[in-house]
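Numbering of the sequence shown is given in our numbering, commencing with residue 1296 and proceeding in unit increments.
Ideal placement from N, C-alpha and C gives every residue a C-beta, glycine not left out.
In this text, all values refer to a predicted model and were calculated from it rather than measured experimentally.
Accompanying notes for the structure given below.
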Amino acid sequence: MTCKQDQQVGQDILALFHPLQLLNCLTPEENTGCQHGLYFQDGERRVDYILTYHIKKPSSSRSNRQSSRFTDNAFTRSLRRGTARLGRTPPPQPRGDPEVASQDHSMDYHVDDKRLHREEFEGNLRDMGMELEKDEDTKTPGVGFVKIHAPWHVLCREAEFMKLKMPTKKVYEMKQSTGVGAKINTLVNKVTEPLYPNVEDNRTQNVKHLSYMFSREKQHLFDLSDRDSFFDSKTRASIVFEVLKRTKCTKAKYSMGFTSLLGSGVYTDAYPLHDGDLDGENVEPNDRKLLYEEWASYSVFYKYQPIGLVRKYFGEKIGLYFAWLGLYTQMLIPASLVGVIVFLYGCATVDDNIPSMEICHPKNNITMCPLCDRACSYWKLKEACGTARASHLFDNPATVFFSIFMALWAAMFMEHWKRRQMRLNYEWDLTGFEEEEDHPRAEYELRVMQKSLKKEHKTQKNPTEIAEETTNKWKQTVQSAMAGLQLTEKEKLTCRDRLPAYMTNVVMMLLMIGVTFAIVFGVILYRISTKTALHMSNNPTTRSNVRLTVKTTAAIINLVVILILDEVYGAVARWLTVLEVPKTDKSFEERLIFKTFILKFVNAFTPIIYIAFFRGRLVGRPGSYLYVFESYRMEECAHGGCLMELCIQLSITMLGKQLIQNNLFEIGIPKLKKLIRYIKSKRRSFQEEEREKKLQRYETDHFLEPFAGLTPEYMEMIIQFGFVTLFVASFPLAPLFALLNNIIEIRLDAKKFVAELRRPVAARAKDIGIWYNLLRAVAKVAVIINAFVISFTSDFIPRLVYQYMYSPDGSMHDFVNHTLSYFNVSNFQDGKEPMDPQHQVEMCRYKDYREPPWSNTPYVISKEFWAVLAARLAFVIVFQNVVMLMSDIVDWLIPDIPKDISLQIHKEKILMVELFMKEEQGKIQFIDSMIPCGGKEKRNNHAPIARSRSIPHTHSHTHANNF
1296 MTCKQDQQVG QDILALFHPL QLLNCLTPEE NTGCQHGLYF QDGERRVDYI
1346 LTYHIKKPSS SRSNRQSSRF TDNAFTRSLR RGTARLGRTP PPQPRGDPEV
1396 ASQDHSMDYH VDDKRLHREE FEGNLRDMGM ELEKDEDTKT PGVGFVKIHA
1446 PWHVLCREAE FMKLKMPTKK VYEMKQSTGV GAKINTLVNK VTEPLYPNVE
1496 DNRTQNVKHL SYMFSREKQH LFDLSDRDSF FDSKTRASIV FEVLKRTKCT
1546 KAKYSMGFTS LLGSGVYTDA YPLHDGDLDG ENVEPNDRKL LYEEWASYSV
1596 FYKYQPIGLV RKYFGEKIGL YFAWLGLYTQ MLIPASLVGV IVFLYGCATV
1646 DDNIPSMEIC HPKNNITMCP LCDRACSYWK LKEACGTARA SHLFDNPATV
1696 FFSIFMALWA AMFMEHWKRR QMRLNYEWDL TGFEEEEDHP RAEYELRVMQ
1746 KSLKKEHKTQ KNPTEIAEET TNKWKQTVQS AMAGLQLTEK EKLTCRDRLP
1796 AYMTNVVMML LMIGVTFAIV FGVILYRIST KTALHMSNNP TTRSNVRLTV
1846 KTTAAIINLV VILILDEVYG AVARWLTVLE VPKTDKSFEE RLIFKTFILK
1896 FVNAFTPIIY IAFFRGRLVG RPGSYLYVFE SYRMEECAHG GCLMELCIQL
1946 SITMLGKQLI QNNLFEIGIP KLKKLIRYIK SKRRSFQEEE REKKLQRYET
1996 DHFLEPFAGL TPEYMEMIIQ FGFVTLFVAS FPLAPLFALL NNIIEIRLDA
2046 KKFVAELRRP VAARAKDIGI WYNLLRAVAK VAVIINAFVI SFTSDFIPRL
2096 VYQYMYSPDG SMHDFVNHTL SYFNVSNFQD GKEPMDPQHQ VEMCRYKDYR
2146 EPPWSNTPYV ISKEFWAVLA ARLAFVIVFQ NVVMLMSDIV DWLIPDIPKD
2196 ISLQIHKEKI LMVELFMKEE QGKIQFIDSM IPCGGKEKRN NHAPIARSRS
2246 IPHTHSHTHA NNF
């Protein structure tokens, strides 16, 4: 044995006992910093990221082997390596039952395979400069933790690779408005003083650090006086995550990335740590605790959000979501006020509405045709008095104004958000940021690997060549690994590979939409049959409240079905997206969003669209009704129109989704999952006193719910935006209910992110992505739908046509009689007339524009119908084009980038040029001071040339764009 081997063995033994010595040397008082799990055992290196993996539960047959945390992992392996180097045979292992040994061998095969992958991956992480520390002796049985720390040189290297903008030493004053604008801003700030949260960055500051992409060669530009805080915990975690995604296991035939290791169970979870505890004794101040007190508490619902602190803790992507949600909620305030005014106008003018007064008049003796076959009898029009008066609350001239207002409001909201987004980009140093291509997903790498294997099997060599190559095992291993890497890199999934998935997507999407239509049709049959059954009741109270009972119960059934199908469609959309195997997480997210939006949008709005545009129009007429399955007569609208029923369906669906799905589910489900995980862990724990000990920070975060992305949060707000804009003509109180929900929603989401979820990896983003396009699409469709609601669902157009074409005195008197047609009861089909008619009549009335039975063309559509239809279509065309033109004008008048932000961005570019020019001049002066006098004279002879070359860089501001 050589001296070099002796030295290596000594190093192995020292490395083996180093962790034990470190644990022994730390007293309880000295170990307070790492007791909470935020630091390594030395109490100095901060834990930036956590990986968890499954460790086998100690059993009686193996308890001796796994009794110590270091015995199997560190001690035995080091001892084996040391004895191997010394040329000695390792001590014999105690033999046990051969059957038990064979069972253990079969059970440990996959565990050992995963362990080898972990060892290789962690070794590669150390090669990348990461520092790791394992902890398997925790109070969370069956879970091992790998703590990762990124040292300073790794942080600098990765920050340069990721092109992170960091604040420099240069501080400049931001331009403030002057004149009347400044006085108004000062007054507004004084008035809104109590609305700001008690955090440091809750106000617009007058000074700002000049930011520049971090560079190791220009570290002198940055303030590195406190290296521990230069990269905050959010940035450190994102840097470690980037390193994890780049690190691969290459000893196997095909390389496995970090996502593949997570997908295959080599690691079970990966997450950064929260900064500290929320409450308890001697809790140190931290950003998480501050967010919990000033943002996630319901007691501060009236305050602005600390968006800067949210971005600092969670990253730009989540910060943009909450900034968007806050702006959307603020914009709902004027919409709610106008909606309430429109509703109050309807309440104030209900007694002056001539059509409803005529219906409710005591002398009104108009007999209406039965509402159903056989079971229903004739009824008096004045019985619809309550419905007619209620319909006027939502069907009045003010609703037209409100529809136009909401269309312009949506355009204003979009423009306001674009300006707010640009301001945040400037404040968060995201100007010029461009998203780079993301790393492939684990599922994509697996499919590519499978495709490569199939190709390799097809072109497999003959057995004699394989036998010759197997003589050199080391060479074969290296060649196969390199071949696997090359195949994986060259191969990719084509449209032909994804064709079965695309076909499955189309078929399943159509099937799910068909299921929605079928359920809506089932609710229609429920309404028809229930209405017939209630009309046959002997209870007069039941018969008098048939319409209200049927409408309400059907709306509740629709709500329950929508809530159930929402969960089903969410799972189906994810399954279909997984089948497509998108390459990157961004592509996966966009495809998932598109499918989920289509399915949930159809699910939520199909019943409403049916009531608004189809109900009461596919009925027929007395004596020639349209039947379903030859026995169910299609349902009609009430005399006041379908607008009241549309309002009931819309309000129940919107309020139910917000109260049950958005709030109750969001509060209850995460708490229930957390409780279940904690109870399972308690059952598996083996020492009662161990349970009572305080868990480490990484153990506490392990019990939190994993972050599942922002898609559910955005989706519920987009659907709500649809409720607010699409059918606002029928429900002007929708913005008010949305505002009340969002006030709670902001604090609910905040509490969930701070206290219920694991800390997500901070992601940079300069906009809200595909969600903005969906918002614009919904806003455009809203204009068209509201035009059709006003024109075809309400009586606004028939009233105008009557008033200006058919009214003798230009008033609304006799409008009701004008809209009713006559029917001779002798023309009923056999078996369709009322069984027990309460009124002996010859003629009954029904709502339609048809010729009377005494005309030459009885029951044919009259010319009044065509006049009203032409007016309706003309209104749709005019309304749509006028409103969209006004929206485009608003879009054109409001610039996307605020003027002050544009000036500040230009100023930053100039300051950056000046900073680098000053640095260059300093270098020249330093060089001049180091050169002797004789050398200076020679250098000055060439100075004019050098200066002439540098002149364009000193006086031109156009070069600022290069920085």
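- In terms of Cβ geometry, Ile1955 and Ala1850 do not form a close pair [threshold 8 Å].
- Along the stretch 1442-1498, the alpha helix (DSSP H) occurs as fully enclosed runs of 4 or more residues at 1447-1456, 1475-1486, listed in sequence order.
- For a cut-off of 8 Å, the C-beta gap from Leu1568 to Leu1333 is around 6 Å, short enough to register as a contact.
- The distance from the Cβ of Ile1654 to that of Leu1676 is about 6 Å, consistent with a contact at the 8 Å cut-off.
- Counting only the Cα atoms, Phe1689 lies some 45 Å from Trp1723.
- Unbroken alpha helix (DSSP H) runs of no fewer than 4 residues, entirely contained in the stretch 1666-1703, are found at 1680-1689, following chain order.
- Runs of the beta strand (DSSP E) spanning 3 or more residues and lying entirely within the stretch 2014-2059 do not occur at all.
- Exposure of Thr1754 is indicated by the presence of fewer than 16 other C-beta atoms within 10 angstroms of its C-beta.
- Across the set His1504, Arg1340, Met1717, the C-alpha of Met1717 shows the shortest separation from the C-alpha of Pro2193.
- The beta carbons of Val2078 and Val2178 sit closer together than 8 Å.
- Per DSSP, reduced to three states, the secondary structure at Asp1564 is strand.
- Restricting attention to Ala2058, Asp2143, Ile2038, the CA atom closest to the CA of Val2163 is found in Asp2143.
- Beta bridge pairing from DSSP links Gly2004 with no other residue.
- Assigned with DSSP and collapsed to three states, Tyr1616 falls in helix.
- By DSSP's assignment, Arg1928 forms a beta bridge with Tyr1922.
- For Arg1583, the closest alpha carbon among the candidates Ala2045, Ala1693, Pro2153 is that of Ala2045.
- Comparing alpha carbon positions, the residue from Phe1617, Gly1560, Asn1834, Leu2198 closest to Ala1591 is Phe1617.
- Val1695 places its beta carbon 8 Å or farther from that of Ile2205.
- Asp1996 carries a helical assignment under DSSP once its states are collapsed to helix, strand and coil.
- CA-CA distance, Asp2104 to Cys1680, rounds to 25 Å.
- Its chain contains Trp1704, Met1707, Phe1708, His1711 as the residues whose beta carbon lies nearer than 8 Å to that of Met1626, once the 5 sequence neighbours on both sides are disregarded; these appear in chain order.
- Listed in chain order, the non-local C-beta contacts of Gly1911 below 7 Å within the same chain comprise Glu1931, Cys1932, Cys1937, local neighbours out to five positions each way being set aside.
- Here Leu1854 is actually not in contact with Thr1844; their C-beta atoms are around 16 Å apart, not less than 8 Å.
- Your pair Phe2022 and Ile1903 checks out as a contact, with CB atoms roughly 6 Å apart and the cut at 8 Å.
- Between Ile1613 and Leu2052, the C-beta spacing is not below 8 Å.
- Using a 10 angstroms sphere on the CB of Met1807, the tally of other CB atoms reaches 16 or more, which defines it as buried.
- The DSSP-derived three-state label of Asp1880 is helix.
- In this chain, Ser2116 is not harboured by any alpha helix (DSSP H); it is covered by the beta strand (DSSP E) spanning 2115-2119.
- At a Cβ-Cβ threshold of 8 Å, Tyr1608 and Lys1529 count as neighbours.
- Residue pairing from DSSP leaves Leu1938 without any beta-bridge partner.
- Using a C-beta cut-off of 8 Å, the stretch 1509-1516 makes contact with the stretch 1448-1461, since at least three inter-stretch Cβ pairs fall below that distance.
- Annotation note: the stretch 1850-1921 contains the following uninterrupted alpha helix (DSSP H) runs of length 4 or greater, listed N- to C-terminal: 1880-1908.
- With three or more CB-CB distances shorter than 8 Å, the stretch 1341-1349 counts as touching the stretch 1992-1999.
- Relative to the Cα of Phe1909, the nearest Cα in the group Phe1638, Glu1339, Glu1940 belongs to Glu1940.
- The stretch 1731-1743 and the stretch 2216-2228 do not touch, with fewer than three beta-carbon pairs separated by less than 8 Å.
- Of Lys1543, Thr1891, His1687, the smallest CA-CA separation from Asp2090 is found for His1687.
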